[in-house]
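One structure below.
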Amino acid sequence: MLNTCPLSLLCGLLLALQPLVAAAAPAPYGEGFVRLGAQWGEGGLEWLERPGDSNIPGDGQAFEQQLESLEQAGGPYADSLAEPLASLGRHYRQAGDYQQAAALYRRAMHVIRVNDGLGSDRQVPLLRELLLSYRQAGNLEALDERYDYFFHLFGNGRPPFTQARIRAAQEYMRWQREALRHELGAGRQRLLKLIELNADMLEHMQQQANVPYRWLRDVSYSQVLNHYLLLQRFEPTIAEQQLLTSREYMGTQQVVQSLEEQKLDARLRTAPAQVAAIFRQLSRAAAGQGAVETAAVHLGLADWYFWNGNRQRAAASYREVVAILNEAGEQALLQQWLGEPVELPDNGVFWRAETFAAGPAATIEARYDVSARGRVSGLEARHTGGDEDHNLHDFRRQLSATLFRPRWASGEAEAVEGLTRRYRLLD
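The following block contains the structure:
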C-alpha cells in the first residue's frame, strides 16, 4: 500500500521549512570593490607598520655582535638575549627577509618562556611582530596558527575580563572573519565556533557587574558581523536535502543531518531575530551614553533589517535615527549618515583589505541612480586608473546587485539621481 500524506500535513511541512529557505542576500559589498578611500577596522590595517615606526641600523651587525657576546657569557637561554634577538628580527623584517625575522622572533619568545614561564606577558610585543612578519609575507596559514597562541595568552575570551583581554578577543575574532574571507580551512566549522565564542563572551559580560559600555558594544558588533558573514556565505543544508515528498515524509527516506549541519541550520533560521535582539539590548545600554551613541545603535539595527529584507522595521528604525539626531541638534551628523545613499553593509565585513604587498589597483568611476528601495539603475562606468584588464561588465553586475541605504535625512526614504563615485577594484 502506498504511503499517503494529507494535503494539510504536507502544507504544514512546507510552511515549517519556509523560514529555512531565505531570499538571496544582496551582493557582499567590499568583496570585489570598495569606494575609493573607504576603510573599516575590520580590515586589520592597524597591523601594518607605518614609516618611522622604528629605527633599526641598516646592516644589523651591532645586534649580531651583541648576541654573540651575550650568548658566550650567559648561554643560549640567557634572559638578556630576548631584546637583541627581537631587534635583529625587526631588522630582517624591515629588510623583507620575513623567514629569518620569524625565526628570530620565535627564538626570542622561547628565551622568555624559559626564563619567565609559558604565560609571560613579555611575549606579547614579540608575538605581535611575529604576526606582522607572517602578514607582510602573505603567509596566512602560519598567521592563522599563531593567532590561536595569541588568543591563548589573553585567556581565550574567558572572564575575568580586562581591557587587554577584550582587545585581544576582538582582534582574534576579527582575524577569524578575515580567515573566512580568505577561505582558510573549514569555513563552516570556523564560523560556528566563532559565533559560539562570541555568544559566550556576551553572556559572561551580561553576568559581570559594571562592564564598561565600550566592551559590550564592541563584542556585540563583533557578533553582528559574524551573522552578516553567516547569512551571506551559507545556505541551510536542509533546503538542499530535505524538501520532502509525501512518501519520504512517511519515513521511508529520512535525511540524517550531522550535528554541525543542525547547528548551522539553527543559526541561519534564527540569525535575523538574534541580531535584532543584540541591537535592542545594546540600545538599552546605550541610553546612558548620549544621543549620538543611541542613534548609532539604531542605525546599525536599521541597516540589519534592511539587509535582511524587513523594510517595514528598517523604516521605523531609520526614522528613529532621524528623530534622535534632530532632537539632539545633530543635523550635520544626520546629513553625514543619512544625507546620501550608502553602500551596505557599511562595516567592512566582506572587505578583503590588502594588508600585505600588492600592486597598483584599478579604479573605476561610476555614475548611477539609487531608488528609495536602495537599488541601482542607470549605471555608467569607466576605467580611471591602474590595470584596465578588469572586466567592466563584472563591476557593473556587482554594483547593480549591491544594496544601498537610501537617503533618509528627511525622515522618509528618497531616490537620488546622478550619483558619481570612484571605486577601487580588489583582486
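Those letters in the sequence shown? Residues -24 to -1, 1 to 403, per mature numbering (1 follows the signal peptide of the UniProt record, and there is no 0), in order.
Note that the Cβ used here is the ideal one computed from N, Cα and C, for glycine as well.
* As assigned by DSSP and simplified to three states, the class of F39 -> helix
* Asked: Is DSSP giving A(-3) helix, strand or coil here?
  -> Because the pLDDT of A(-3) is 44, which lies under 50, any placement of that residue in the model is unreliable, and the question is left without a value.
* Whole-angstrom Cβ separation of M85 and L102, contact assumed at under 8 Å? -> 5 Å
* So is Y197 buried or exposed if we call it buried at 16+ other beta carbons inside 10 Å? -> buried
* At least 3 beta-carbon pairs within less than 8 Å: the segment 387 to 399 vs the segment 5 to 12 -> yes
* Use the C-beta contact count for N174: other C-beta atoms within 10 angstroms, 16 or more gives buried, fewer gives exposed. => buried
* **Assigned secondary structure, Q217 (DSSP; H/G/I helix, E/B strand, else coil)** => Legend: pLDDT at Q217 = 49, less than 50; position of this residue unreliable, value from coordinates given subsequently. It is helical.
* Which residue spans inside the segment 55 to 114 form an unbroken alpha helix (DSSP H) run of at least 4? -> 58 to 70, 74 to 92 and 99 to 113
* To do: Mind checking who I340 pairs with in its DSSP beta bridge?
  => H359 and Y399
* Asked: For Y189, is the classification buried or exposed, using 16 other Cβ atoms within 10 angstroms of its Cβ as the cut-off for buried?
  -> exposed
* Burial state of P317 (16 or more Cβ within 10 Å) -> buried
* Asked: What residue range is occupied by the uninterrupted alpha helix (DSSP H) comprising F210?
  -> From DSSP, F210 is part of no alpha helix (DSSP H); its letter is neither H nor E.
* Assign D403 to one of two classes, buried (16 or more other C-beta atoms within 10 Å of its C-beta) or exposed (fewer than that). => exposed
* **Closest residue to L108 among A77, N91 and F127 (Cα-Cα distance)** => A77
* How is the alpha helix (DSSP H) around V187 delimited, first residue to last? -> Run containing V187: none; DSSP gives neither H nor E here.
* Can you tell me the Cα-Cα spacing of A271 and A261, whole angstroms? -> 12 Å
* **Which listed residue (F39, N367 and A278) has its alpha carbon closest to that of A292** => A278
* To do: Ignore the nearest five residues each way along the sequence and tell me which others in L320's own chain have a CB closer than 8 Å to its CB.
  => P2, Y5, D279, F282, W283, G350, T378, L379, F380 and R381
* Distance, E388 Cα to E211 Cα -> 33 Å
* **Helix, strand or coil at R26 according to DSSP, with G and I counted as helix** => Low local confidence applies: a pLDDT of 47 at R26 is under 50, so the model's placement there is unreliable, with the coordinate-based value given in what follows. In this structure, R26 counts as coil in the three-state DSSP scheme.
* Exposure of G394, with buried meaning 16 or more beta-carbon neighbours within 10 Å -> exposed
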